[in-house]
Every structure is written in structure tokens, then in C-alpha cells.
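Q:
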Amino acid sequence: MSTREHRKAIPIGVKMQACLLLLGFTEDEIAGGAVQWDHHPALALRFVDPETGEMSPAPNDPRYLRPLRKAEHAEKTFGRKATTAGSDVGLAAKVKRLDKSEAEFRRRLLAKSEPTAFLPMDHEDRGRKRAWPSRPFPSRKHARNPKARTHAD
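In UniProt numbering, the protein residues as written are 1 to 153.
Right, here's the structure in full:
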């Protein structure tokens, strides 16, 4: 009888638990569901191919998944209590703002080459822009404070 016949394959769950134990997670954390899987970089920050609609790297690519405790994962996703700076949510919002401003910048550049193209839909409703009314410079006698004179009259 060979050793292959009587030894069963190790289940993937047991292998996963062994790996998590080696990474420093406790058995209670593993059994209690305190381990969450984090996408790094976050899904909202990944490049999406416009032709195929697929993300790069793929969402379930094991090279870009890592186990974290619930509290660590929440901090990475939502940031600390006071701010979202540096978190996945904060970075996704920043990327969205930058994409919007970049699109507006491109629209303005194209509008310079084609003046009537890319105007806002309500462009006609805004009315004409008017120049600020011009006012004369104040005369010299009104410009100075009469009490501020120090020379003898």
C-alpha cells in the first residue's frame, strides 16, 4: 500500500487557516469572522479598460488581496474617525474630483479650437455678460485726509 492511497488531500479551508495562523491571526479571529479580505489597490482606484470594461488588476487576483482584521480594514477603507484622508474612500473621491476637473479642462481646450462646440446646455439662458461700470479716479483733494496734514498753513 502506497502512502498516496491512504492520505487524503488537505482541504483548502485548513490550508487557509494555517496560513492565517502563520500571519499572526488568532484562532478566535479566524473562527469568529474577524478576518476580512482587502483589495489593494481598492477597486475604485483601479484602471478600467474602456473597451472590455474589465479592471486591471482583476478584482479577485490573489496577488492583490490581503487579509486584515475588521478594525484595520475599516480604517483603511473609511479612514480614521476625524477624516477620510489617505483612506480608500478619500482617495476614490479625490480621483473622481480630478477626473471631473480634467474633463472640464479638456472641454475648455476643445472649446478654444471650436468656439460653438462644447458650450453648456443653458448657455443661451445666462444672458449677456456686461462690463463692469467704469468710475473716475477720485480727485486729489478728496483722496487725502485733511486732518492728516502736518505742514503749517
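All C-beta atoms, glycine included, are put in the ideal place defined by N, C-alpha and C.
Under three-state DSSP, which class holds residue 78?
A: Along the sequence shown, read from residue 1 onward, the residue named residue 78 stands at position 78. Three-state DSSP puts residue 78 in a helix.
Q: Identify whether residue 7 lies in helix, strand or coil by the three-state DSSP scheme.
A: On the sequence shown, residue 7 is found 7 positions in, with the first residue counted as 1. In the structure shown, residue 7 sits in coil (DSSP, three-state: anything other than H, G, I, E or B).
Q: Where do the ends of the alpha helix (DSSP H) carrying residue 28 lie?
A: If you number the sequence shown from 1, residue 28 lands on position 28. Element bounds for residue 28: 27–31.
Q: Return the CA-CA distance between residue 43 and residue 5, expressed in angstroms with no decimal places.
A: Here residue 43 refers to the residue found at position 43 when the sequence shown is read from its first residue. Here residue 5 refers to the residue found at position 5 when the sequence shown is read from its first residue. Going by the C-alpha atoms only, they are around 44 Å apart.
Q: Can you tell me the Cα-Cα spacing of residue 77 and residue 108, whole angstroms?
A: Taking the first residue of the sequence shown as position 1, residue 77 is located at position 77. Taking the first residue of the sequence shown as position 1, residue 108 is located at position 108. Whole-angstrom Cα-Cα distance: 34 Å.
Q: If you drop the 5 nearest sequence neighbours on each side, which residues of the same chain put their C-beta closer than 8 Å to that of residue 81?
A: The residue labelled residue 81 in the question sits at position 81 within the sequence shown. Here the set comprises nothing.
Q: Leaving out five residues on either side along the sequence, give the residues of the same chain with a beta carbon under 6 Å from the beta carbon of residue 97.
A: By 1-based counting over the sequence shown, the position of residue 97 is 97. If we look at residue 97 and ignore the five residues flanking it on each side, it has no Cβ neighbours.
Q: How big is the Cα-Cα spacing for residue 24 and residue 102?
A: By 1-based counting over the sequence shown, the position of residue 24 is 24. By 1-based counting over the sequence shown, the position of residue 102 is 102. Taking the straight line joining both Cα atoms gives about 44 Å.
Q: Below 8 Å, how does it come out for the stretch 82–95 and the stretch 37–53: are there three or more Cβ pairs, yes or no?
A: yes
Q: Looking only at its chain, what residues have a beta carbon closer than 8 Å to the beta carbon of residue 79, apart from the 5 residues adjacent to it on each side?
A: Sequence index remark: in the sequence shown, residue 79 carries index 79 (1-based). Excluding residues within five positions, the ones whose Cβ falls inside 8 Å are 85, 86, 87, 89, 90.
Q: Are residue 154 and residue 69 touching if we call contact CB-CB under 8 Å?
A: Residue 154 falls outside the range modelled here, since the chain spans only 1 to 153, and no answer is possible.
Q: Thinking just about the alpha-carbon of each residue, which of 55, 50, 33 is nearest to the one in residue 67?
A: Counting from 1 along the sequence shown, the entry for residue 67 is found at position 67. Of the candidates 55, 50, 33, the one whose C-alpha sits nearest the C-alpha of residue 67 is 33.
Q: With which residues is residue 48 paired in a DSSP beta bridge?
A: Along the sequence shown, one-based indexing puts residue 48 at 48. Paired residue(s): 55.
Q: So for residue 88, helix, strand or coil by DSSP?
A: Residue 88 sits at position 88 when you count from the first residue of the sequence shown. Of the three classes helix, strand and coil, the one that applies to residue 88 here is helix, per DSSP.
Q: Assuming residue 65 and residue 37 form a contact by the criterion Cβ under 8 Å, report the distance between their Cβ atoms to the nearest whole angstrom.
A: Here residue 65 corresponds to residue number 65 of the sequence shown, with the count starting at 1. Here residue 37 corresponds to residue number 37 of the sequence shown, with the count starting at 1. Right, their Cβ atoms sit about 5 Å apart.
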